[in-house]
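J.: Quick one: the structure is below, questions incoming.
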Amino acid sequence: MSTEAAVWIEISIESFVTTCIGCAVSALLVYDWLLTFDREVRLIWRQPRTGASLLYFCTRYMIIVENMVDNITIYPVSDVVCTATMWTAEVLACLGLIGPGLFSALRVHALMGESRLLSVLVLVLGLIPFFVNVIPAYKLKAINLSPPLGCQIEVDESFGVHEICTDVFNIRHFVGCDRHSGHMGQVVQIKQAC
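The sequence shown runs 1000 to 1193 under the working numbering.
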């Protein structure tokens, strides 16, 4: 078996497992939503609209919608749909990172005697995941591959978490992992060769 075929098989298996995990996460989110829906209606929907209820809706439904949008690309789609769903999922994923930081800051504000300094510090620290994901997001590119891979995100690895830590924060020893597959460059090379 050639090296290209072995890489293609490995990537296909990785894509299948990733798809199965994505479907399982979606099922778990919907199951959790169904279990708590009656309490949500009683405690949130029937109350007057406040900033807290808006924060709840954004935090609760952003992740469900983002996960569903991600799963659209399991099936073959056009290049336009692939690009639109990829950017929609990325925007929702990044916006979903704001809620927990904001919630933490509001919680600290309430529990620590309305200390603004501590609240702002917690907010800044809570928004770090948002900025770490937004900074390199403009370099993402959707690629539409043949089944079973479908719509994937090609990552320009010239500007990743490692580069942010070494170049921006001057941290020399960083161990981390990218949330996107490291094999996409190989897939694109194989697809262009075929």
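Each residue gets a CB set at the ideal place from its N, CA and C atoms; glycine is no exception.
These numbers were taken from a predicted model, which means no experiment stands behind them.
#1: Count the other CB atoms, across all protein chains shown, that sit within 10 Å of the CB of L1101; report buried if there are 16 or more and exposed otherwise.
#2: Where D1031 and L1116 are concerned, what is the direct C-alpha to C-alpha distance, given to the nearest angstrom?
#3: Using the rule of at least 16 other Cβ atoms within 10 Å of the residue's Cβ for burial, across every protein chain shown, is C1081 buried or exposed?
#4: Under 7 Å Cβ to Cβ from L1124, same chain only, skipping five residues before and after it: list those, please.
#5: So C1150 and V1076 are in contact, right, with Cβ under 8 Å, and what is the actual spacing, rounded?
#6: Quickly, what does DSSP pair K1140 with across the bridge? List them, please.
#7: According to DSSP, is G1098 helix, strand or coil?
#8: Along the chain, where does the alpha helix (DSSP H) containing I1020 start, and where does it finish?
#9: According to the Cβ coordinates, are G1021 and M1061 closer than 9 Å?
#10: Which same chain residues end up closer than 7 Å to V1068 when comparing Cβ atoms and leaving out the 5 residues on each side of it in sequence?
#11: Round the Cβ separation of S1103 and V1119 to the nearest angstrom and send it over; I've been treating them as touching at under 8 Å.
#12: Between the C-alpha atoms of I1142 and V1029, what's the straight-line distance to the nearest angstrom?
#13: If you draw a straight line from the C-alpha of I1010 to the C-alpha of E1153, how long is it?
#14: Skipping 5 residues on each side, what residues in its chain have a beta carbon closer than 6 Å to that of H1108?
#15: Helix, strand or coil: which one does DSSP assign to P1128?
#16: Could you tell me the distance, in whole angstroms, from the CA atom of L1139 to the CA atom of C1057?
#17: Check for me: the alpha helix (DSSP H) holding L1054 runs from which residue to which?
T.: Reading it off the structure:
#1: With 16 or more Cβ atoms within 10 Å of its Cβ, L1101 is classed as buried.
#2: Going from the Cα of D1031 to the Cα of L1116 covers about 36 Å.
#3: Counting of Cβ neighbours within 10 angstroms places C1081 among the buried residues, the total reaching 16 or more.
#4: Contacts found: none.
#5: Yes, C1150 and V1076 are in contact; Cβ-Cβ is about 6 Å, under 8 Å.
#6: Bridge partners of K1140 according to DSSP: E1153.
#7: Of the three classes helix, strand and coil, the one that applies to G1098 here is helix, per DSSP.
#8: Per DSSP, I1020 belongs to the alpha helix (DSSP H) from 1002 to 1039.
#9: Inclusion of G1021 and M1061 in the CB contact set at 9 Å is not warranted, their separation being larger than that value.
#10: Contacts found: T1084, T1087, A1088, L1091.
#11: About 12 Å; that fails the 8 Å criterion.
#12: Per the coordinates, the alpha-carbon of I1142 lies some 28 Å from the alpha-carbon of V1029.
#13: Distance between the alpha carbons of I1010 and E1153 is about 13 Å.
#14: S1118.
#15: Here P1128 sits in helix by DSSP.
#16: Going from the Cα of L1139 to the Cα of C1057 covers about 24 Å.
#17: Secondary structure note for L1054: its alpha helix (DSSP H) is the uninterrupted segment 1050 to 1071.
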